[in-house]
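First the structure, in the form of structure tokens, and then the observations on it.
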Amino acid sequence: MRLNIILKKLDRIVAWVLALVFLAMMISGYISVKGFPGSKDYLNVFAYKLHTQLDLPLMLLFSIHFAINLKFALMRYGFKDSFALNLFCSSIALMLFLFIVYLDLH
């Protein structure tokens, strides 16, 4: 039971950080495509580099957020809070993240 409280608090923090990273990715993507009005070229290069580097942190945060909420959704549908449920949710999140790492490296 204590683990669920910690997971809920962790999920709130992860969700806010995920929103900020996603916002940074959107803004940097827009700047790298459209450019920033009246800016120097180094800002456009910085935006492009930032945009290409944010995909892994974004996916890591999304995987954590997804795993925590998947656990609570399955518990609402009647699955018991157990080690097997925690392992299942963690393995799904790990597979999602590793798939993105694989795509990023190739």
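Quick note, our numbering runs 217 ahead of the 1-based positions in the sequence shown. For each residue, glycine too, the CB sits at the ideal point set by N, CA and C.
Nearest to S332 by alpha carbon, out of A264, Y259, M242 and F239?
Only positions 218 to 323 of the chain appear in the structure, and residue 332 is not among them; the question remains open.
Below 8 angstroms CB to CB, which residues in the same chain sit around I309 once its five sequence neighbours on both sides are set aside?
For this step, residue 309 is matched to residue 92 along the sequence shown. Around I309: F283, A284 and L287.
What do you get for L322, buried or exposed, if any count of 16 or more other CB atoms within 10 angstroms of its CB means buried?
As a first step, residue 322 is located in the sequence shown; it is residue number 105 there, counting from the start. Its Cβ having fewer than 16 others within 10 Å, L322 is exposed.
Between D228 and I281, what straight-line distance do the alpha-carbon atoms span, to the nearest angstrom?
For the purposes of this step, residue 228 is identified with residue 11 of the sequence shown, where counting begins at 1. For the purposes of this step, residue 281 is identified with residue 64 of the sequence shown, where counting begins at 1. D228 and I281: Cα-Cα distance of roughly 8 angstroms.
Could you spell out where the alpha helix (DSSP H) holding L273 opens and where it closes?
For the purposes of this step, residue 273 is taken as residue 56 along the sequence shown, with counting starting at 1. Element bounds for L273: D272 to R293.
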